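Here is the structure we will look at.
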Amino acid sequence: MAVIPLAQAINQALREEMRRDDRVIVMGEDVGRRGGVFLCTEGLYEEFGPDRVIDTPLAESAIVGVALGMAIYGLRPVAEIQFADFIYGGFDQIVSNIAKIRYRSGGQFSAPLVIRAPYGGGVKGGLHHSQSPEAYFIHTAGLKVVIPSTPYDAKGLLISAIRDEDPVIFFEPKRIYRSVKGEVPEGDYTVPIGVSRLVREGSDVSLITYGAMVYECEAAAEKAEKEGISVEVLDLRSLLPFDGEAIIKTVRKTGRPIIVHEAPKICGFGAEIAAFIAEREILSLQSPIIRVAGYDTPFPLVHEHLYLPNERRILDAIRKAISF
Amino acid sequence: MSIIECAMGAFQIISLDGSADEEHLPELSTSQMLKMYRDMVLARRLDSWLMRLQRMGRVAIHAPSEGQEAAMVGSAHALETEDWVFPSYREMPVYIARGVPISELLNRQFSNEEDPLHGHDMAVYGSRRYQIIPAPVPVGMQIPMAVGFAMAAKYRGEKAVAITYFGDGATSKGDFHEALNFAGVFKAPVVFFCQNNQYAISCPYSRQTATKTIAEKAVAYGFEGVWVDGNDILACYSATKRAIEKARRGEGPTLIEAFTYRLGPHTTADDPSRYREQAEVEKWREKDPIARFKRFLVRRGLWSEEDDAKLYEEIEEDIKREIEQAERKQPLRPDVIFADVYGSEPWHLAEERDELSRLI
Ligand SMILES: Cc1ncc(C[n+]2csc(CCOP(=O)(O)OP(=O)(O)O)c2C)c(N)n1
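In structure tokens form, the structure reads like this:
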């Protein structure tokens, strides 16, 4: 099996789905000739031509609004927003139109489309190339939100997203586009939306996370192991719908859940997970539910390594949970 | 130059060979023109240094302005100190023309303790003192802002005019259209200065609009659009001067399109060979705005090769010295992360700041 980086797994998913289904259209800024600024759509323009790989005008609102129109017609558009930070320009279309078309049409119409966007920090991109805006979309009924952390999942989840009957916001952790490589089978397979991945088994503490933070959590878990603390790591992969069953299972097992994400803490997705655990499993808890998250400031340009949760902060939380 | 005249071609004063349309020459003293020339050269040299520093990993990212100096320096020289600038991220030559010392620009680039933006953003620069709003990275955001500022100045009876800079790509955004519409409706004292450098990263002009010019879009919003040769500094100066004075007289907004070309990559992270031919770039190098203005000055006996050599030497030394100084300054403290979020710090941020200091 070929070992490829995450960005290339995305490229493979798009290419194979476009070959399989001529309803699949890729559109966005610089996705054609340039192959995308992160080269996720490299080679697609050459293979499928300008009618299926569309370099659009610079207009996020229209990119997603137009994708909706295409989806309603019966195509399967995959719209790229160049950076998640620019998705806000299309926010109104996404939350007011795309998310609600099924509901407001009484189920007559739906929006089977995917909006892909690189997200997250770690690339020294400053406050408009680093944000993690997932919570806004998880908060909006009608949308599904997915974040892969491995090349295998990236391909399998993107294929699932393209085939899904509802709109999927697909955030890609750009900081690991090239640095994380993994085995990816050629050809068709899917990873179901809504199912998490147990990255590492442990019995004392549960790290519940997603995206590039999976790797920080793994590193912290290794370190904790040396201190005699056994840490489980759960990669959610899908944030909505999220894998409630797996969360309950790990909380029952360790009693010490820690949620880790890059997005700011206040009203971040960790708050939802914490509430979910508190509502359903409070009697299993042996420590408070802890969140390790980005600070509640805009994303900084300098010192981003201090802003982002890292091994050290996660380890600090693990020790806190254990010594409670 | 009205929109109808646009049909005939972009407004030009200096021809490629440096000869001039005497009838349209703006009233500028020799020292003013030499200052404009100096600003262009300084911008070009600093730009080239920043590209190099980025490649060496000493600064984070840079959006080069090579080829667009006439549009930026020319228009910025048409402003008065009371005017306000709402730039995009490529406008370093505007800052230089506005009198910002390069030491300040470099403090920003190196994010040292004197970075006026406190290390929070990679927008090239911004300063209340020089009346420059920091460029927002999301394309087009500055355009409605400039309109609001202009409306407020008008409400207060002040004479300040707002000028906003943006690229051809930005004209595809709702922000652009909505802002122009507002400006038309409220007769805001604002100048919209579009640098059509023919690319938005890899997307050529034809992907942004089906109209021949950007300038003609002004018609739909009820005011004047001007199409100018963006590589001709005097044409850019004159068109902007007229628009600024018109706005100051209370006669409303103008859209200026400076037709130019981005000679370099989009940013240091871009590779233009993926989307355009080198031959095209070479063709535009022949229209280099700095060479053209120099020919004009030399022809009129205002400048010589010796003057030029001296100027370049002087500028090189200035830049090297300032880079050295900026790099020697202290880095920003870690807890600067928590500065400037609110006017006064709420408890939860104080807590997070404490956590950070405990952990490092
Ligand atoms: C809203 C938004 N979408 C996408 C981007 C990514 N991006 C940065 S610059 C750029 C092209 C801008 O082109 P143009 O407006 O013509 O200005 P130029 O860079 O040519 O000066 C794009 C797509 C962005 N910064 N903001």
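Residue numbers (the working numbering), protein chains in the order written: chain A, 744 to 1067; chain B, 314 to 673.
For glycine and all other residues, C-beta sits at the position ideal for the given N, C-alpha and C.
All values reported here derive from a predicted model rather than from experimental measurement.
Check	Outcome
Cβ pair G864/A, F1042/A closer than 8 Å	yes
Residue(s) in a DSSP beta bridge with I476/B	V398/B, V504/B
For S440/B, the residue or residues it bridges with in DSSP	I445/B
Strand pairing of L366/B, partner residues [DSSP]	Note: L366/B sits in no beta bridge, so no partner.
Short Cβ contact (8 Å threshold) for A904/A with F914/A	no
Candidates I1020/A, I1016/A, V1045/A: closest to A878/A by CA position	I1016/A
Closer than 7 Å: R918/A CB and nearest ligand 1 heavy atom	no
CB contact flag (L801/A, E772/A, <8 Å)	yes
Ligand 1 heavy atom lying under 7 Å from the CB of I830/A	no
Amino acids of chain A, ordered along the chain, whose beta-carbon sits closer than 7 Å to that of Q521/B	P800, L801
Short-range partners of chain A found in the region 503 to 535 of chain B, where Cβ spacing is below 7 Å	A513, I514, S515, C516, R520, Q521
Contact set for A384/B: own chain, Cβ-Cβ below 6 Å, skip 5 residues either direction	Q508, G543, C549, A571, T573
Beta-carbon neighbours of L1044/A, restricted to chain B and to distances below 7 Å	S424, G432, H433, D434, M435
One or two residues paired with Y512/B in a DSSP bridge	P517/B
Sequence-distant residues of its chain with Cβ nearer than 7 Å to D488/B (five each side left out)	G453, M454, I456, P457
C-beta atoms of N840/A and L886/A nearer than 8 Å	no
One or two residues paired with L983/A in a DSSP bridge	V888/A
Helix, strand or coil at K924/A [DSSP, three-state]	strand
Residues bridged to F324/B (per DSSP)	V541/B
Contact list for F829/A against chain B, beta-carbon separation under 7 Å	P451
Nearest-angstrom Cα separation, counted from I415/B out to I632/B	8 Å
Test: A483/B CB closer than 8 Å to a CB of chain A	yes
At least three beta-carbon pairs within less than 8 Å, the region 509 to 526 of chain B to the region 429 to 442 of chain B	no
Test item, CB below 7 Å from any non-hydrogen atom of ligand 1	E772/A, D773/A, L801/A, E803/A, Q825/A, F826/A, F829/A, G832/A, H871/A, A376/B, S401/B, R403/B, V450/B, P451/B, V452/B, G453/B, F479/B, G480/B, D481/B, G482/B, A483/B, K486/B, Q508/B, N510/B, Y512/B, A513/B, I514/B, R575/B, H579/B
Interface flag, G380/B vs chain A, CB-CB below 8 Å	no
Contact list for Y588/B against chain A, beta-carbon separation under 7 Å	R776, R777
Bridge partner(s) assigned by DSSP for E975/A	S949/A
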